[in-house]
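All remarks here apply to the structure that follows.
In this note's numbering, the protein residues as written are 8 to 301.
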């Protein structure tokens, strides 16, 4: 069994780490707020006081953090894990960060005689708990083959995309599709509501139609109940869309639909919904259209 350090006990990281514990691996965890690790610790994970301390007792370290700054702090900061890496160790980052930020960490890990895998994920917290997320990986192929058994514990779909930053770009491509689908669905739902259709029935029709993707189906509950507790917050989506704009600029690609959608997320944040789930765009559009549910 592997000795694994897991950094980041958020909505996705905590269940992912727990799945590794349940599979029999020795998992040491760290998070800026220790209480968020309580569930993983209750399942048998061990606690470390820093990413460096976690790496000292591990051969593989996995990070699942909010953004590029958090990744660089965990890897390169005062108590960053790179300081404790031994030649042959492996670092895996499963966060959504910019390719340029990823490259900085890769260079530091490589300088320590170790390998760095980029492995951002797709899917909801429900899929993270059930071990069925998708994992988009890029980096050294031999290293990918070594860690694939771990990916198979955490995820149901595996994709190896290349030797460098390909996984980062692919994740941004998926997230702009999620963002724009979210706004498109909100428009359809509010049109149905204001035209007198029953909300729950209208959403069931949408979810059961040819456009009813798994993402659309995940949002049936939040939208119909009006409970927008964050599975994927507006603020995080704004961060990811901005990363996509930067990648598109480098590639010389226009993202006109994404640009409009970004404005709606900004409107949601400005209205006080930044920490809500991205499906709150339905509520934002309802308010803009003067519609109030009974």
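All C-beta atoms in this analysis are idealised placements derived from N, C-alpha and C, irrespective of residue type, glycine included.
Applying the criterion that 16 or more other CB atoms from any shown protein chain within 10 Å of the CB defines a buried residue, is residue i buried or exposed?
| i | result |
| --- | --- |
| residue 156 | exposed |
| residue 40 | exposed |
| residue 183 | buried |
| residue 277 | exposed |
| residue 250 | buried |
| residue 200 | buried |
| residue 95 | exposed |
| residue 283 | buried |
| residue 205 | exposed |
| residue 300 | exposed |
| residue 217 | exposed |
Suppose the cutoff is 7 angstroms on Cβ atoms and the five residues either side in sequence are ignored; what does the same chain contact list for residue i look like?
| i | result |
| --- | --- |
| residue 38 | 15, 16, 44 |
| residue 254 | 106, 176, 179 |
| residue 46 | 21, 25 |
| residue 194 | 292 |
Can you look up residue i in the DSSP assignment and give me helix, strand or coil?
| i | result |
| --- | --- |
| residue 41 | helix |
| residue 86 | coil |
| residue 137 | helix |
| residue 226 | coil |
| residue 20 | helix |
| residue 109 | helix |
| residue 50 | coil |
| residue 240 | strand |
| residue 150 | helix |
| residue 35 | strand |
| residue 93 | coil |
Among the options, whose alpha-carbon lies nearest the alpha-carbon of residue i?
| i | options | result |
| --- | --- | --- |
| residue 115 | 135, 101, 268, 89 | 89 |
| residue 227 | 182, 121, 286, 246 | 286 |
| residue 150 | 123, 12, 212 | 123 |
| residue 244 | 221, 269, 222, 263 | 269 |
| residue 57 | 146, 135, 112, 13 | 13 |
| residue 113 | 145, 252, 273, 129 | 145 |
| residue 221 | 139, 85, 83 | 139 |
| residue 264 | 252, 258, 160 | 252 |
| residue 185 | 272, 202, 70, 111 | 272 |
| residue 130 | 293, 9, 238 | 238 |
| residue 78 | 91, 103, 135 | 103 |
| residue 294 | 207, 8, 64, 198 | 198 |
Opposite residue i in the DSSP bridges: which residues?
| i | result |
| --- | --- |
| residue 123 | 98 |
| residue 143 | 166 |
| residue 128 | 142 |
| residue 11 | 34, 67 |
Can you name, in chain order, every residue of its own chain whose Cβ lies under 6 angstroms from the Cβ of residue i, other than the five neighbours on each side?
| i | result |
| --- | --- |
| residue 55 | 35, 37, 61 |
| residue 147 | 122 |
Closer than 8 angstroms by C-beta to residue i: which residues in its own chain qualify, once you throw out the five before and the five after it? Chain order, please.
| i | result |
| --- | --- |
| residue 280 | 235, 241, 287, 290, 291 |
| residue 343 | One cannot answer for residue 343 here, as it falls past the ends of the chain, which runs 8 to 301. |
| residue 223 | 188, 192, 213, 214 |
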